[in-house]
Ligand SMILES: [Zn+2]
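Residue numbers (the working numbering): 3 to 143.
Laid out in structure tokens, this is it:
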């Protein structure tokens, strides 16, 4: 089972940080850093701060390929329907109510389980639709 740390310091996140999509990767978590070994290369360390920055940045980048296609009043706030330009991708419902942003996707549920708070790429797409790049910018509007 994934813990909050294996969710943050994952092989997928390491591949994004190192722009290395195919090689075998081993990772070991230390207090401030993650030890990374890519097959055929010398081991290196990556700071946990870089993983946390990439965790948000990767979702903000992915959000730019999404569109908010409709909105309606939901039970708690405004519900935005967010979809990608690829027809096979499902649409997700993002509800914005005050300082709370909820989504129907698995990533949002996983983040809530592990961190107690969450913004997924659909949430960032909705924030961008509302004119804010980050959750902090939205909360401080
Ligand atoms: Zn989502």
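Ideal Cβ positions, reconstructed from N, Cα and C, are used throughout, including at glycine.
{"Item": "Inter-stretch contact (C-beta, 8 Å, three-pair minimum) for the stretch 27–38 and the stretch 10–17", "Value": "yes"}
{"Item": "Counted within 10 angstroms of its Cβ, other Cβ atoms place residue 125 as buried (16 or more) or exposed", "Value": "buried"}
{"Item": "Distance cut-off 6 Å: residue 82 Cβ against heavy atoms of ligand 1", "Value": "no"}
{"Item": "Residue 113 classed as buried or exposed, judged by whether at least 16 other C-beta atoms fall within 10 angstroms", "Value": "buried"}
{"Item": "Cβ-based neighbour list, residue 65, same chain, cut-off 7 Å, excluding 5 preceding and 5 following", "Value": "123, 126, 127 and 130"}
{"Item": "Boundaries of the beta strand (DSSP E) in which residue 30 is found, first to last residue", "Value": "27–31"}
{"Item": "Nearest-angstrom Cβ-Cβ length linking residue 91 and residue 83, presumed shorter than 8 Å", "Value": "Going by Cβ atoms, the distance from residue 91 to residue 83 rounds to 12 Å, so no, they are not a contact pair."}
{"Item": "Continuous alpha helix (DSSP H) stretch holding residue 16: start and end", "Value": "13–20"}
{"Item": "Inter-residue Cα distance where the pair is residue 51 and residue 141", "Value": "22 Å"}
{"Item": "Near ligand 1: residue 131 beta-carbon under 6 Å from a heavy atom", "Value": "no"}
{"Item": "Nearest-angstrom Cα separation, counted from residue 53 out to residue 104", "Value": "23 Å"}
{"Item": "Collapsed DSSP secondary structure at residue 121 in the structure displayed", "Value": "coil"}
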